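Take a look at the structure set out below.
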Amino acid sequence: NAGVTQTPKFRILKIGQSMTLQCAQDMNHNYMYWYRQDPGMGLKLIYYSVGAGITDKGEVPNGYNVSRSTTEDFPLRLELAAPSQTSVYFCASSYSIATGDGNQPQHFGDGTRLSIL
Amino acid sequence: AQKVTQAQTEISVVEKEDVTLDCVYETRDTTYYLFWYKQPPSGELVFLIRRNSFDEQNEISGRYSWNFQKSTSSFNFTITASQVVDSAVYFCALSVRGPGGSYIPTFGRGTSLIVHP
Chain A
21 NAGVTQTPKF
31 RILKIGQSMT
41 LQCAQDMNHN
51 YMYWYRQDPG
61 MGLKLIYYSV
71 GAGITDKGEV
81 PNGYNVSRST
91 TEDFPLRLEL
101 AAPSQTSVYF
111 CASSYSIATG
121 DGNQPQHFGD
131 GTRLSIL
Chain W
999 AQKVTQAQTE
1009 ISVVEKEDVT
1019 LDCVYETRDT
1029 TYYLFWYKQP
1039 PSGELVFLIR
1049 RNSFDEQNEI
1059 SGRYSWNFQK
1069 STSSFNFTIT
1079 ASQVVDSAVY
1089 FCALSVRGPG
1099 GSYIPTFGRG
1109 TSLIVHP
């Protein structure tokens, strides 16, 4: 079972460069999320998606963009990398429905450690 | 707005001690979900338990137990007879439905548990 797959695992960028963090899940989950984790700060939600073609901002969306063209993939784009974006990035997915006991737990990828110098 | 407070930044215990990790949440919603996740030193995030707001039943799973009290807005986690392998950062999370009907999670800052042999 692959679950949630993130690539790359590590990356060093120069200020001003751009890159895309890839995330794919094979569990047919409708929800997908991107978080950043800074030391001692927990997980901050960057963007999330409730289904293909639907994305929305989380708590810290500035400097990032996302798209969700398929159920499986949810890439995160950094357009102009800044030192403040040095962090560990986690992608997650879950299955949630509007009725009943609907909000299931998240499954996380292994993370991408990104350094911007 | 939703908020999760994990007031204990770091806890250090000796093996076989019992330890309780506190989680206090804030929300005006009557329907919400609470989660605990474990992040071992290897970095991945692992789901431990989920509770919805209508189920105040406490739960025990081996050495782990959870105490959910709506009256005090708390969802505390106890590890009995701690082991070195329990050393990790533990996150409490709250999920409520946002204005658009989507479930939006909020994480606490985490509690780092160090179990000494």
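Going line by line, the protein sequences match chains A and W. The first sequence begins at 21 in the working numbering and counts up by one. The second sequence begins at 999 in the working numbering and counts up by one. Backbone N, C-alpha and C fix where the C-beta goes; we use that ideal spot for every residue, glycine too. No experiment lies behind these values; they were computed from the predicted model shown.
A direct Cα-Cα distance of roughly 20 Å separates W:L1046 from W:T1029.
Bridge pairing for A:D130: absent [DSSP]. Assignment of beta strand (DSSP E) within the region 1003 to 1091 of chain W, counting only whole runs of 3 or more residues, yields 1008 to 1012, 1017 to 1019, 1022 to 1024, 1031 to 1037, 1044 to 1050, 1057 to 1059, 1062 to 1067 and 1072 to 1077 in chain order. In the three-state reduction of the DSSP assignment, A:Q105 falls in the helix class, which pools H, G and I. For A:Q37, no beta strand (DSSP E) encloses it, and the DSSP letter there is neither H nor E. For W:Y1031, the chain A residues whose C-beta falls within less than 8 Å of its own C-beta are N123, listed in chain order.
In the three-state reduction of the DSSP assignment, A:Y115 falls in the coil class.
Contact fails between the region 1082 to 1098 of chain W and the region 43 to 58 of chain A, because fewer than three Cβ pairs, one in each stretch, are under 8 Å apart. Under the three-state reduction of DSSP output, A:A44 falls in the strand class. Excluding residues up to 5 positions away in sequence, V1002, S1071 and L1092 lie with their Cβ nearer than 6 Å to the Cβ of W:Y1023 in the same chain.
Residues of chain W whose Cβ lies closer than 9 Å to the Cβ of A:Y51 are, in chain order, S1100 and Y1101.
Contact check for A:I136 against A:A101 passes: the beta carbons are separated by less than 8 Å. By the neighbour-count criterion, in which a residue is buried when 16 or more other Cβ atoms sit within 10 angstroms of its Cβ, W:R1061 is exposed.
Interface annotation for the region 1035 to 1052 of chain W against chain A: G1041, E1042, L1043, F1045, R1048 and N1050, criterion Cβ-Cβ distance under 7 Å.
Setting aside the 5 residues that flank it on each side, A:Y68 is surrounded in the same chain by Y51, M52, Y53, W54, T75, D76 and G78, each with a C-beta closer than 8 Å to its C-beta; the list follows chain order. Minimum Cα-Cα distance from A:D58 among the listed residues A:Y109, A:V24 and A:Q45 corresponds to A:Y109.
Pairwise C-beta distances place the region 1079 to 1087 of chain W out of contact with the region 22 to 39 of chain A, as fewer than three of them are shorter than 8 Å. One thing to note: W:S1063 has its Cβ no nearer than 8 Å to the Cβ of W:E1015. Per DSSP, A:M61 lies in no beta strand (DSSP E) segment and is marked neither H nor E.
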